[in-house]
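In this note's numbering, the protein residues as written are 266 to 566.
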Amino acid sequence: MNDTDLVLVTGASGHVGAELVDRLAATGSRVRAMSRKPQDVAVPVGAAVVRGDADEPASLDAAFAGVDRAFLMSAETIDPDTGPTHVPALVDAAVRAGVSHLVLLSVYSGGEGGDVLAAWWAQIERSVVGSGLRWTLLRPGRFMSNALAWASRLDGSDEVAVPFAHRPAASIDPADIAAVAAAALTDTDGRHDGATHQLSGPAAMTPSDELAAIGALLGRPLRAVEPPLDQVRAGMIRSGMREAVVDAALARTLESSDGAEVLPTVERVLGRPARSFGDWLDAHRDAFTAGRSPASPSSAV
Ligand SMILES: NC(=O)c1ccc[n+]([C@@H]2O[C@H](COP(=O)([O-])OP(=O)(O)OC[C@H]3O[C@@H](n4cnc5c(N)ncnc54)[C@H](OP(=O)(O)O)[C@@H]3O)[C@@H](O)[C@H]2O)c1
């Protein structure tokens, strides 16, 4: 990678992408952030913003013009009947633009396993691996940022409904995923070429543990309550997920311990330990404290 090489970050307004844009800009890389709403995306000085929508492949040529390396992610709703279109469209645009290296944000098990989720992610990963460009796959487990979904539910009761609240996962800070992505995108010795990095955080915690840590920050005894499985399933279907996808996701959650293992990858790539949930919470405390008055001494007991 030369100092003049341009890196495109898709999903630049997302948890990983925003961290990645900041990190690349801070370390002197030329970076272009892609969003469907570029006017809403704040980027650091020196970074550029471009409009691009994976649903409109024609919009991607301007986004990829002059780009040397690209970070690809997908926010597409899984539809087993159609198969993925977003990442394949991004890859096609990258090939047209002469991009040299793609770094894909995948999921923990990638295309492995025999269900509809595996089939979906296998197609996405294949589009990158089969592109003819250099590639790196990132396969992270649960994101610590999933806890942000609780922030709006903390007014009132100290009990919060959390599906699978007692299932452990070594959740990862999106900033660490971004740091590994940045290492691959700025690699000069080919160390990340053809590498699949499965990523975890530094400790297995349950959502219930994470909620308790947020409670300690707020001085409240927050407790996770697990809703019954049929309610969880109905909620997932209401959110727009296809039934076959819901069934596969629930079967994985109930039948495997995927994501609970603490992996050495972040430390191996970055030369420092993965960030803890406490580190993540320190950096995102405003999401939980803003607009909330501190607990009174009696409610903090
Ligand atoms: N959450 C987890 O626990 C977890 C675990 C493993 C893997 N993952 C994977 O991580 C990814 C999510 O990453 P994230 O949390 O960083 O993202 P995020 O915060 O959910 O943000 C979604 C991003 O997708 C972009 N986007 C949505 N529709 C788009 C379109 N049509 N064209 C181009 N961009 C579009 C949005 O950009 P604009 O709105 O600005 O256009 C936004 O930046 C998913 O692929 C997920 O499967 C998540």
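Each residue gets a CB set at the ideal place from its N, CA and C atoms; glycine is no exception. Note that the structure is a prediction, hence the values are computed from the model and not measured.
- Membership of His366 in the beta strand (DSSP E) is indicated by the continuous run 366–370.
- When secondary structure is reduced to three states using DSSP, Thr292 falls in the coil class, being assigned neither helix nor strand.
- Around the Cβ of Thr275, a 10 Å sphere holds 16 or more other Cβ atoms; the residue is buried.
- Classified as exposed, Pro493 has fewer than 16 neighbouring CB atoms from the shown chains inside 10 Å of its CB.
- In the three-state reduction of the DSSP assignment, Arg550 falls in the helix class, which pools H, G and I.
- Proximity of the beta carbon of Phe408 to ligand 1 is indicated: a heavy atom of the ligand is located closer than 6 Å.
- Between the region 508–519 and the region 464–474 there are fewer than three C-beta pairs closer than 8 Å, too few to call the two in contact.
- For the pair Ser422 and Leu483, the Cα-to-Cα distance works out to about 13 Å.
- With respect to Gly363, Arg404 sits apart: the two C-beta atoms are not nearer than 7 Å.
- Ala489 sits away from Pro433, with the two beta carbons spaced by 7 Å or more.
- Per the coordinates, the alpha-carbon of Ala319 lies some 24 Å from the alpha-carbon of Asn411.
- Using a 10 angstroms sphere on the CB of Ser473, the tally of other CB atoms reaches 16 or more, which defines it as buried.
- Short note on Pro405: C-beta closer than 6 Å to some heavy atom of ligand 1.
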